[in-house]
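K.L.:
Quick note: the sequence shown, position 148, residue 148 per the numbering used here, numbers continuous.
Note that the Cβ used here is the ideal one computed from N, Cα and C, for glycine as well.
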Amino acid sequence: MARKQRATIFGAGYVGLTTAVLFANCGVEVTLVEVNPERLKSLRAGKSFFYEAGINELLQNALKQGSLGLENEAELALKHAGVIFSCVGTPDYPDGSSNLSYVYEVADRVAAFASDDAVFVQKSTVPVGTGEKIEASFKAKSCPVSYVSNPEFLREGTAIQDSLWFDRVVVGGTNPKACQTVIELYKRIEENRDKLAKIAGIPRVDHEPGHYITTNRNSAELIKVTANAFLALKISFANSIAKLADQADADVNDVMDAVGADRRIGRAFLNAGRGYGGGCFPKDVSGLIASASDHGVDMPIMIAASDVNESMPGYIAKKVQENLKSLQGKKIAVLGLSFKSGTSDARKSPGVSLANSLDKGKADVQVYDPHANGEAKEELRNGVKICNTMSEAITKCDAVIIATDWPEFKTADIKSMASKMSGSLFVDAMNCFDKNKVKDSGLKYVGVGRT
Ligand code: UGA
Numbered sequence: 001m002a003r004k005q006r007a008t009i010f011g012a013g014y015v016g017l018t019t020a021v022l023f024a025n026c027g028v029e030v031t032l033v034e035v036n037p038e039r040l041k042s043l044r045a046g047k048s049f050f051y052e053a054g055i056n057e058l059l060q061n062a063l064k065q066g067s068l069g070l071e072n073e074a075e076l077a078l079k080h081a082g083v084i085f086s087c088v089g090t091p092d093y094p095d096g097s098s099n100l101s102y103v104y105e106v107a108d109r110v111a112a113f114a115s116d117d118a119v120f121v122q123k124s125t126v127p128v129g130t131g132e133k134i135e136a137s138f139k140a141k142s143c144p145v146s147y148v149s150n151p152e153f154l155r156e157g158t159a160i161q162d163s164l165w166f167d168r169v170v171v172g173g174t175n176p177k178a179c180q181t182v183i184e185l186y187k188r189i190e191e192n193r194d195k196l197a198k199i200a201g202i203p204r205v206d207h208e209p210g211h212y213i214t215t216n217r218n219s220a221e222l223i224k225v226t227a228n229a230f231l232a233l234k235i236s237f238a239n240s241i242a243k244l245a246d247q248a249d250a251d252v253n254d255v256m257d258a259v260g261a262d263r264r265i266g267r268a269f270l271n272a273g274r275g276y277g278g279g280c281f282p283k284d285v286s287g288l289i290a291s292a293s294d295h296g297v298d299m300p301i302m303i304a305a306s307d308v309n310e311s312m313p314g315y316i317a318k319k320v321q322e323n324l325k326s327l328q329g330k331k332i333a334v335l336g337l338s339f340k341s342g343t344s345d346a347r348k349s350p351g352v353s354l355a356n357s358l359d360k361g362k363a364d365v366q367v368y369d370p371h372a373n374g375e376a377k378e379e380l381r382n383g384v385k386i387c388n389t390m391s392e393a394i395t396k397c398d399a400v401i402i403a404t405d406w407p408e409f410k411t412a413d414i415k416s417m418a419s420k421m422s423g424s425l426f427v428d429a430m431n432c433f434d435k436n437k438v439k440d441s442g443l444k445y446v447g448v449g450r451t
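Encoded structure:
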């Protein structure tokens with residue numbers, strides 16, 4: 001591959017922006033195409049519109065060295081791009097299936113403007129069979145661009161680390177040369193990972209070398225949704241066991257530590273709590289159910305995983321109600337509105353659902369998140385009060401609920417928290433506290449599957 005590589009990336013979301021700033025900092029000339037004018041304005045000023053460690057530093061460095069262009073129109077950038085990435089959103093329709101209109105729009109632009117030898121790389125999460133349809137549309141338009149499926153596995157909150165020290169890069173397609181072009185691009189990231197981590201200001205990670213996996217297009221598409229669905233399944237399984245542990249006076253953390261010590265099972269994603277949220281798992285589980293159904297296949301196992309997950313905020317609200325006798329008029333602090341720590345993303349956030357369900361139960365709800373107050377605002381019911389500090393949220397509260405395991409909460413002095421509260425109920429909806437420490441502070445500890 002020629003060393004001067006030009007890439008055009010569609011969509012400046014978590015995946016697109018991370019991909020763009022990493023490539024742009026290791027010798028690739030990148031054009032990032034984003035249609036949202038506010039996002040574009042913020043990016044041009046060197047500021048990501050979401051919080052993610054290291055992303056602003058990489059963005060600013062790429063802008064300074066002139067290797068990243070930010071555009072709202074792709075025509076010119078497409079003509080010169082060797083590799084084109086689609087990283088646009090695939091939101092879910094009310095019936096759970098994936099809305100692929102942005103994906104097909106990008107494919108149409110590629111067919112219209114890309115050069116014949118370009119490689120079109122699909123990083124958006126799409127149902128199996130999508131690439132086949134796009135390839136058929138390319139063929140119908142006599143467009144010779146090669147299609148490669150290259151699903152993304154980065155997690156929000158650790159997006160840069162996950163991309164630098166990846167477990168695997170998966171590429172699927174019929175043209176081996178096109179697949180190799182994509183692999184070579186990722187090798188640049190691998191070769192430059194220390195430099196990139198330094199620019200981002202994030203620590204090095206001790207990690208086994210990642211795998212490059214080449215497969216066919218449909219398998220690559222299915223790998224992505226299968227991985228997310230399996231992780232969601234593990235979480236819902238842990239939450240089902242947690243409900244039993246609550247009844248049987250067992251501690252689900254101890255159970256999962258021992259179960260996960262079996263190398264065949266593994267400890268990851270067996271943390272019980274308020275359930276999974278975010279822009280991926282809920283959507284990918286419903287998308288898999290819908291896509292299986294389109295192929296005439298039932299997925300009761302994933303329907304069950306989704307049902308268990310949706311039950312968790314209500315299950316925790318019920319525990320709070322039982323402990324306080326009634327919710328009405330009780331002052332309750334919900335700490336954590338992002339769907340997990342390390343991100344400002346509050347999409348499908350269990351903390352938000354919990355706050356809303358307590359508000360519906362006529363509690364007096366106060367919420368606080370170190371990074372997600374702004375993004376959660378629109379999702380919260382009018383009665384919920386957003387606070388600027390943890391101290392403000394918990395003062396004179398009957399109960400405190402930990403809904404996201406932010407370091408600010410985990411390292412807080414529990415005795416000082418207890419002294420600010422008027423009640424004594426401490427609900428650890430992330431199961432991330434030492435329950436004895438909480439109890440020693442005079443509070444009643446209630447976890448999910450551990451008391
Ligand atoms: C997930 C996958 O982990 C990534 O590999 C994938 O690339 C990404 O979706 C995607 O499809 O784009 P993400 O949604 O960023 O990443 O976050 P996770 O760290 O996977 O957490 C998802 C949710 O599960 C969070 O709400 C988290 O709190 C919850 N969770 C996670 C649990 O409730 N228990 C656990 O044991 C682990």
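With distances taken Cα to Cα, identify the nearest neighbour of residue 151 among 142, 105, 216.
P.N.:
Within the sequence shown, numbered from 1, the residue matching residue 151 stands at position 151. Taking only the C-alpha atoms, the option nearest residue 151 is 216.
K.L.:
My output table needs one value for residue 436: the three-state DSSP class, helix, strand or coil.
P.N.:
Position 436 of the sequence shown, counting from 1, holds the residue named residue 436. Helix, per DSSP.
K.L.:
Any heavy atom of the ligand UGA inside 7 Å of the beta-carbon of residue 340?
P.N.:
Counted from its first residue, the sequence shown places residue 340 at position 340. Answer for residue 340: yes, Cβ within range of the ligand UGA.
K.L.:
Please report the Cβ distance between residue 342 and residue 174, rounded to the nearest whole angstrom; I am assuming they are in contact, meaning their Cβ atoms lie under 8 Å.
P.N.:
Residue 342 sits at position 342 when you count from the first residue of the sequence shown. Residue 174 sits at position 174 when you count from the first residue of the sequence shown. Wrong, their Cβ atoms sit about 38 Å apart, outside the cutoff.
K.L.:
Based on the DSSP secondary-structure assignment, which residues constitute the bridge partners of residue 303?
P.N.:
On the sequence shown, position 303 is the one that residue 303 refers to. DSSP lists no partner for residue 303.
K.L.:
Alpha carbon to alpha carbon, how far is residue 226 from residue 13?
P.N.:
Position 226 of the sequence shown, counted from the start, is the residue given in the question as residue 226. Position 13 of the sequence shown, counted from the start, is the residue given in the question as residue 13. About 22 Å.
K.L.:
Given 8 Å as the limit, is there contact between the segment 47-61 and the segment 182-202, that is, 3 or more CB pairs closer than that?
P.N.:
The answer is yes - the segment 182-202 touches the segment 47-61, with three or more Cβ pairs under 8 Å.
K.L.:
Should the segment 426-438 be called in touch with the segment 267-284, which here means at least 3 C-beta pairs below 8 Å?
P.N.:
These segments touch.
K.L.:
Rounded to whole angstroms, what is the Cα-Cα separation between residue 279 and residue 348?
P.N.:
Your numbering for residue 279 matches position 279 in the sequence shown. Your numbering for residue 348 matches position 348 in the sequence shown. Each residue's Cα considered, the two are about 7 Å apart.
K.L.:
Once the 5 residues before and after residue 450 are set aside, which same chain residues still bring their CB inside 7 Å of it?
P.N.:
Residue 450 sits at position 450 when you count from the first residue of the sequence shown. Cβ neighbours of residue 450 beyond the five flanking positions: 245, 251, 252, 253, 431, 435.
K.L.:
Alpha carbon to alpha carbon, how far is residue 413 from residue 437? Give it in angstroms, no decimals.
P.N.:
The count along the sequence shown starts at 1 and reaches residue 437 at position 437. The count along the sequence shown starts at 1 and reaches residue 413 at position 413. Each residue's Cα considered, the two are about 10 Å apart.
K.L.:
Nearest CA to the CA of residue 207: which residue from 236, 243, 220, 166?
P.N.:
Counting from 1 along the sequence shown, the entry for residue 207 is found at position 207. Checking every option, the nearest Cα to that of residue 207 belongs to 166.
K.L.:
What's the call for residue 362, buried or exposed, on a 16-neighbour Cβ count within 10 Å?
P.N.:
Here residue 362 refers to the residue found at position 362 of the sequence shown. Residue 362 comes out exposed.
K.L.:
Run through DSSP, which three-state label would residue 293 get?
P.N.:
By 1-based counting over the sequence shown, the position of residue 293 is 293. Correct three-state label for residue 293: helix.
K.L.:
Just curious, the beta strand (DSSP E) that residue 211 is in, first and last residue?
P.N.:
Looking up residue 211 in the sequence shown gives position 211. Its beta strand (DSSP E) spans residues 211-215.
K.L.:
Quick check: what's the CA-CA separation for residue 127 versus residue 99?
P.N.:
Along the sequence shown, one-based indexing puts residue 127 at 127. Along the sequence shown, one-based indexing puts residue 99 at 99. Residue 127 and residue 99: Cα-Cα distance of roughly 10 Å.
K.L.:
Helix, strand or coil, according to DSSP, for residue 1 in the structure here?
P.N.:
Here residue 1 corresponds to residue number 1 of the sequence shown, with the count starting at 1. Note on residue 1: pLDDT 44, under 50, position unreliable in the model; no value is reported.
K.L.:
Apart from the five residues on each side of it in sequence, which residues of its chain come closer than 8 Å, Cβ to Cβ, to residue 67?
P.N.:
Working through the sequence shown from its first residue, we reach residue 67 at position 67. So the list reads 24, 25, 27, 28, 29, 30, once near-sequence residues are dropped.
K.L.:
If we count Cβ pairs, one from each stretch, closer than 8 Å, do we get three or more for the segment 262-269 versus the segment 383-391?
P.N.:
Touching, no.
K.L.:
Applying the criterion that 16 or more other CB atoms from any shown protein chain within 10 Å of the CB defines a buried residue, is residue 186 buried or exposed?
P.N.:
Looking up residue 186 in the sequence shown gives position 186. When all chains shown are included, residue 186 counts as buried.
K.L.:
Measuring CA to CA, which of 58, 192, 124, 170 is closest to residue 16?
P.N.:
The residue you call residue 16 lines up with position 16 of the sequence shown. Here the closest residue by C-alpha is 124.
K.L.:
Of all the options 327, 179, 76, which has the alpha carbon lying nearest to the alpha carbon of residue 110?
P.N.:
As a working mapping, residue 110 is identified with position 110 in the sequence shown. Of the candidates 327, 179, 76, the one whose C-alpha sits nearest the C-alpha of residue 110 is 76.
K.L.:
With 16 as the cutoff for other CB atoms within 10 Å, does residue 368 come out buried or exposed?
P.N.:
The count along the sequence shown starts at 1 and reaches residue 368 at position 368. With 16 or more Cβ atoms within 10 Å of its Cβ, residue 368 is classed as buried.
K.L.:
Three or more beta-carbon pairs under 8 Å between the segment 320-334 and the segment 400-407, yes or no?
P.N.:
At 8 Å Cβ cutoff, the stretches touch.
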